[in-house]
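Peer 1:
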Amino acid sequence: MTGEAVNPKAYPLADAQLTITILDLIQQATNYKQLKKGANEATKTLNRGISEFVVMAADKEPLEILLHLPLLAEDKNVPYMFVPSKQGRACGVTRPVISCSVSSNEGSQLKSQIEQLKGAIEKLLT
Numbered sequence: 001m002t003g004e005a006v007n008p009k010a011y012p013l014a015d016a017q018l019t020i021t022i023l024d025l026i027q028q029a030t031n032y033k034q035l036k037k038g039a040n041e042a043t044k045t046l047n048r049g050i051s052e053f054v055v056m057a058a059d060k061e062p063l064e065i066l067l068h069l070p071l072l073a074e075d076k077n078v079p080y081m082f083v084p085s086k087q088g089r090a091c092g093v094t095r096p097v098i099s100c101s102v103s104s105n106e107g108s109q110l111k112s113q114i115e116q117l118k119g120a121i122e123k124l125l126t
């Protein structure tokens with residue numbers, strides 16, 4: 001990760017340890033086909049009510065094209081988090097991914113990990 005200044009609008013920003021946990025969970029969600037990549041897909045999952053949590057990249061320029069997602073996530077009571085970098089490798093693609101949404105799935109093996117991460121995000125926001 002770089003030590004560049006991150007846009008102050010990118011709040012809440014995950015620390016290094018939480019970023020690793022989030023990217024690991026995103027990678028697992030990719031394997032279980034529970035990940036939607038991109039701002040448009042994340043918006044769709046929020047509107048449909050199937051999003052567990054939303055992750056956004058803080059190094060996007062301009063950041064304003066992402067800032068509708070926190071508002072929508074708060075309306076739908078879905079936790080959201082910014083990570084410092086828009087690496088696409090965690091999402092299973094080579095292109096940079098500016099946001100993604102982990103969607104809910106009945107009987108998923110990721111349920112307990114998603115709940116743990118939601119708890120960590122809630123603690124950070126309070």
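Counting along the sequence shown from 1, when you hit position 22 you're at 22 in UniProt numbering, and nothing is skipped either side.
Even glycine gets a Cβ: it sits at the ideal position worked out from N, Cα and C.
None of these values were measured; they are calculated from a predicted model.
At the level of alpha carbons, what is the spacing between residue 108 and residue 8?
Peer 2: Taking the first residue of the sequence shown as 1, we reach residue 108 at position 108. Taking the first residue of the sequence shown as 1, we reach residue 8 at position 8. Answer to the nearest angstrom: the Cα atoms are 35 Å apart.
Peer 1: Residue 88 and residue 97: beta carbons closer than 8 Å?
Peer 2: One-based indexing of the sequence shown puts residue 88 at position 88. One-based indexing of the sequence shown puts residue 97 at position 97. Cβ distance < 8 Å, so residue 88 and residue 97 count as in contact.
Peer 1: Which runs of the alpha helix (DSSP H), 4 residues or longer, sit entirely within the UniProt domain "Ribosomal protein eL8/eL30/eS12/Gadd45" (22-109)?
Peer 2: For the UniProt domain "Ribosomal protein eL8/eL30/eS12/Gadd45" (22-109), whole alpha helix (DSSP H) runs of length 4 or above, ordered along the chain, are 39-48 and 68-75.
Peer 1: Terminal residues of the continuous alpha helix (DSSP H) containing residue 9?
Peer 2: Taking the sequence shown and counting its residues from 1, one reaches residue 9 at position 9. Note, residue 9: premise wrong, no alpha helix (DSSP H); not H, not E.
Peer 1: Cβ of residue 91 versus every heavy atom of the ligand FMN: is any distance shorter than 7 Å?
Peer 2: The ligand content of the structure shown is nil, which means the ligand FMN is not present either.
Peer 1: Just mark residue 65 as buried or exposed, buried being the case when its beta carbon has 16 or more other beta carbons within 10 Å.
Peer 2: On the sequence shown, residue 65 is found 65 positions in, with the first residue counted as 1. Answer is exposed; the Cβ neighbour count stays below 16.
Peer 1: Determine the burial state of residue 62: buried for a count of at least 16 other Cβ atoms within 10 Å of its Cβ, exposed for fewer.
Peer 2: Position 62 of the sequence shown, counting from 1, holds the residue named residue 62. By the 10 Å Cβ count, residue 62 comes out exposed.
Peer 1: Within the continuous alpha helix (DSSP H) that includes residue 124, where are the two ends?
Peer 2: As a first step, residue 124 is located in the sequence shown; it is residue number 124 there, counting from the start. First-last of the alpha helix (DSSP H) with residue 124: 111-125.
Peer 1: Looking at residue 57 and residue 36, is the spacing between their C-beta atoms short of 8 Å?
Peer 2: Translated into positions along the sequence shown, residue 36 becomes position 36. Translated into positions along the sequence shown, residue 57 becomes position 57. It is not a contact, given that the beta carbons lie outside the stated cut-off.
Peer 1: Could you please give me the residues that DSSP links to residue 13 through a beta bridge?
Peer 2: Along the sequence shown, read from residue 1 onward, the residue named residue 13 stands at position 13. Answer by DSSP bridge pairing, in chain order: 82.
Peer 1: Using beta-carbon positions only, say whether residue 22 and residue 14 come within less than 8 Å of one another.
Peer 2: Looking up residue 22 in the sequence shown gives position 22. Looking up residue 14 in the sequence shown gives position 14. It is a contact, given that the beta carbons lie within the stated cut-off.
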